[in-house]
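Peer 1: Numbering (my numbering), first residue to last: 6 to 151.
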Amino acid sequence: MPRLTTLSVVLFAVTVIGAGCGSSSGGSSGSSGTKAGALPNGGGGVNGTTVGNCLNLNYDFLVQPNPTSVDGQSPAGVNFTLRLYPTAAAANAAAAKKNAKTTAVVETGVIDFRGNPSIYKGAPPAKISKVELANIKACIDKAKSS
6 MPRLTTLSVV
16 LFAVTVIGAG
26 CGSSSGGSSG
36 SSGTKAGALP
46 NGGGGVNGTT
56 VGNCLNLNYD
66 FLVQPNPTSV
76 DGQSPAGVNF
86 TLRLYPTAAA
96 ANAAAAKKNA
106 KTTAVVETGV
116 IDFRGNPSIY
126 KGAPPAKISK
136 VELANIKACI
146 DKAKSS
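1) Name the two residues that bound the continuous alpha helix (DSSP H) containing N63.
2) With a cut-off of 8 Å on the beta carbons, I'd call V115 and A96 a contact; round off their distance for me.
3) Can the beta-carbon of S134 be found less than 9 Å from the beta-carbon of V75?
4) Could you pull out every residue in the same chain whose Cβ sits closer than 8 Å to the Cβ of G50, ignoring the five residues on either side in sequence?
5) Could you pull the DSSP bridge partners for G127 from this structure?
6) On the three-state DSSP scale, how would you describe L67?
7) Leaving aside the five residues before and after K71 along the sequence, list all residues of the same chain whose C-beta is less than 6 Å from its C-beta, in chain order.
8) In chain order, what residues of the same chain lie with their CB nearer than 6 Å to the CB of R119, ignoring the 5 residues before and after it?
9) What is the DSSP secondary structure of A109, counted as helix, strand or coil?
10) Once the 5 residues before and after E137 are set aside, which same chain residues still bring their CB inside 6 Å of it?
11) Give the straight-line distance between the Cα atoms of K142 and T86, rounded to the nearest whole angstrom.
12) Express the C-alpha separation of P122 and P129 in angstroms, rounding to a whole number.
13) In or out: A100 buried (at least 16 other Cβ within 10 Å) or exposed?
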């Protein structure tokens with residue numbers, strides 16, 4: 006498991022370094038001048054890039070955005086995959102096919118956090134917290150408004 010965490014950190018660092026290349030020009034990089042304005046948002050709307058960038062910048066997640074999903078770790082170290090669907094009904098239908106103990110639905114996204122180890126011997130496996138779910142929802146809602 007430590008190897009997976011190390012790999013995730015390395016992949017994230019490479020992504021951040023690549024995204025930051027040439028961005029220290031001293032001029033304003035977005036209309037609002039904010040950090041989020043300087044990063045690609047995936048064309049606006051709800052997609053993996055928009056939601057992933059929001060989670061990384063605003064809520065200390067360590068995730069890799071993809072066009073229709075987000076893979077990575079929550080701030081508490083829980084590994085997960087967030088797959089985005091066109092509608093809430095499609096998300097609910099996809100979640101119904103998964104284990105309810107390791108799946109959560111947020112807006113139009115399905116979060117799969119299976120495979121996480123227990124915090125200590127005899128404890129249930131780690132899962133995404135209510136605060137982290139609220140952060141994911143906030144990023145999806147923010148992406149809807151863009």
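We treat Cβ as the ideally placed atom computed from N, Cα and C, and that holds for glycine.
Peer 2: For this structure:
1) Taking the sequence shown and counting its residues from 1, the one referred to as residue 63 is at position 58. Unbroken alpha helix (DSSP H) run through N63: G53 to Y64.
2) Here residue 115 corresponds to residue number 110 of the sequence shown, with the count starting at 1. Here residue 96 corresponds to residue number 91 of the sequence shown, with the count starting at 1. So it is a contact: roughly 5 Å between Cβ atoms.
3) For this step, residue 134 is matched to residue 129 along the sequence shown. For this step, residue 75 is matched to residue 70 along the sequence shown. Taking 9 Å as the Cβ cut-off, S134 and V75 do not qualify as a contacting pair.
4) Mapped onto the sequence shown, residue 50 falls at position 45. Excluding positions up to five away in sequence, the list reads A148, K149 and S151.
5) Looking up residue 127 in the sequence shown gives position 122. Partner(s): none; G127 has no beta bridge.
6) If you number the sequence shown from 1, residue 67 lands on position 62. Reduced to three states, the DSSP call for L67 is strand.
7) The count along the sequence shown starts at 1 and reaches residue 71 at position 66. Per the sequence shown, the amino acid found at residue 71 is Asn instead of Lys. Only G53 meet the Cβ criterion.
8) Against the sequence shown, residue 119 aligns to sequence position 114. Cβ neighbours of R119 beyond the five flanking positions: T107.
9) Taking the first residue of the sequence shown as 1, we reach residue 109 at position 104. A109 falls in the strand class under three-state DSSP.
10) Within the sequence shown, residue 137 is the residue found at index 132, counting from 1. Only S79 meet the Cβ criterion.
11) Residue 142 sits at position 137 when you count from the first residue of the sequence shown. Residue 86 sits at position 81 when you count from the first residue of the sequence shown. C-alpha separation (whole angstroms): 14 Å.
12) Along the sequence shown, one-based indexing puts residue 129 at 124. Along the sequence shown, one-based indexing puts residue 122 at 117. The straight-line gap from Cα to Cα measures roughly 8 Å.
13) Here residue 100 refers to the residue found at position 95 when the sequence shown is read from its first residue. Classification for A100: buried.
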